[in-house]
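So that you can map any letter, position 88 of the sequence shown is 87 in numbering that gives the first Met the number 0, and since no number is skipped, the others follow by simple counting.
Everything below concerns the one structure shown next.
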Amino acid sequence: MTRFFTFRFYKYLLPVLLTGCLLFANETSFTRLIVPTYPSHIVFIENSWDEALKQAKIQNKYIFVDAYASWCGPCKMLKNTTFTEEKAAAFYNSHFINVSIDMEKGQGPALGAQWGLTAYPTLIIFNPVGKPVLGTVGFINATELIRFGKQALSK
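Here is the structure:
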């Protein structure tokens, strides 16, 4: 009799256990390792100096401006190489409000005249209230870009 009872007990226990496992085996019941992901490129506000200035004041961060023209070869090289380098991206995304401005559209021509720009790409770092701190013209690699940013932050 005990053997029969044991078999019957396990016969019904197995489906109950499997059903319970299926009911409770969802994503929220597991501890998940959350690894922060960072963009692999510098994240820019596109064509909005006003928005960058507003964010800089709120976050008390310096502003990094990429002043470019759509036809400019070195500007395209910056976007495809320097701005996608992991160390440069991590540094600029954490220390600056980044804004990329097409100097031939929208606010670009007026800002170019105001800042006295004559060549592209021009990279400028402004303090949180919009006063220029440091600038450079032409293509630079990621190491030089990081050095440029650190130099501006130290002023």
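From the three backbone atoms N, C-alpha and C, an ideal C-beta is built for every residue, glycine too.
#1: By a C-beta neighbour count over all protein chains shown, 10 Å radius and 16 as the cutoff for buried, is Ala151 buried or exposed?
#2: Whose C-beta lies closer than 7 Å to the C-beta of Ile41 among residues of the same chain, with five residues either side of it excluded?
#3: In angstroms, rounded to a whole number, what distance separates the CA positions of Trp114 and Trp70?
#4: Given this structure, state the Cα-to-Cα distance separating Leu52 from Gly129, to the nearest angstrom.
#5: Under the DSSP definition of a beta bridge, which residues are partnered with Pro73?
#6: Please classify Thr121: does DSSP put it in a helix, a strand, or coil?
#7: Let's see if you can read the secondary structure: which residues bound the beta strand (DSSP E) around Ala66?
#8: What residue does the alpha helix (DSSP H) around Ile57 start on, and which one ends it?
#9: Given that a residue counts as buried once 16 or more other Cβ atoms are within 10 Å of its Cβ, and exposed if not, what is Thr117?
#10: Give me the residue from Ile62, Trp48, Ser47 with the minimum Cα distance to Gly134.
#11: Buried or exposed for Ser39, please, with buried defined as at least 16 other CB atoms from any protein chain shown within 10 angstroms of its CB.
#12: Return helix, strand or coil for Thr30, following the three-state DSSP convention.
#13: For Pro108, count neighbouring Cβ atoms within 10 angstroms of its own Cβ and tell me buried if that reaches 16, exposed if not.
Taking the definition as stated:
#1: One-based indexing of the sequence shown puts residue 151 at position 152. It is buried - the Cβ of Ala151 has at least 16 other Cβ atoms within 10 Å.
#2: By one-based count along the sequence shown, residue 41 stands at place 42. Around Ile41: Phe82, Ala87, Ala88, Tyr91, Asn92, Asn97.
#3: Locating residue 114 in the sequence shown gives position 115, where the first residue counts as 1. Locating residue 70 in the sequence shown gives position 71, where the first residue counts as 1. Cα to Cα, Trp114 sits roughly 20 Å from Trp70.
#4: Looking up residue 52 in the sequence shown gives position 53. Looking up residue 129 in the sequence shown gives position 130. Approximately 7 Å between the Cα atoms of the pair.
#5: The residue given as residue 73 occupies position 74 in the sequence shown. Answer by DSSP bridge pairing: none, since Pro73 is not bridged.
#6: Taking the first residue of the sequence shown as position 1, residue 121 is located at position 122. If DSSP states are grouped into helix, strand and coil, Thr121 belongs with the strands.
#7: Along the sequence shown, one-based indexing puts residue 66 at 67. Looking at the DSSP string, the run of the beta strand (DSSP E) that includes Ala66 is 61-67.
#8: Taking the sequence shown and counting its residues from 1, the one referred to as residue 57 is at position 58. Segment 48-58, the alpha helix (DSSP H) holding Ile57.
#9: Position 118 of the sequence shown, counted from the first residue, corresponds to residue 117. It is exposed - the Cβ of Thr117 has fewer than 16 other Cβ atoms within 10 Å.
#10: As a working mapping, residue 134 is identified with position 135 in the sequence shown. Ranking Ile62, Trp48, Ser47 by Cα distance to Gly134 puts Ile62 first.
#11: Mapped onto the sequence shown, residue 39 falls at position 40. Exposed.
#12: For this step, residue 30 is matched to residue 31 along the sequence shown. At Thr30 the pLDDT is 46, less than 50, meaning the model places this residue with poor confidence; the figure from the coordinates comes in the next sentence. Here Thr30 sits in coil by DSSP.
#13: For the purposes of this step, residue 108 is taken as the residue at position 109 of the sequence shown. It counts as exposed.
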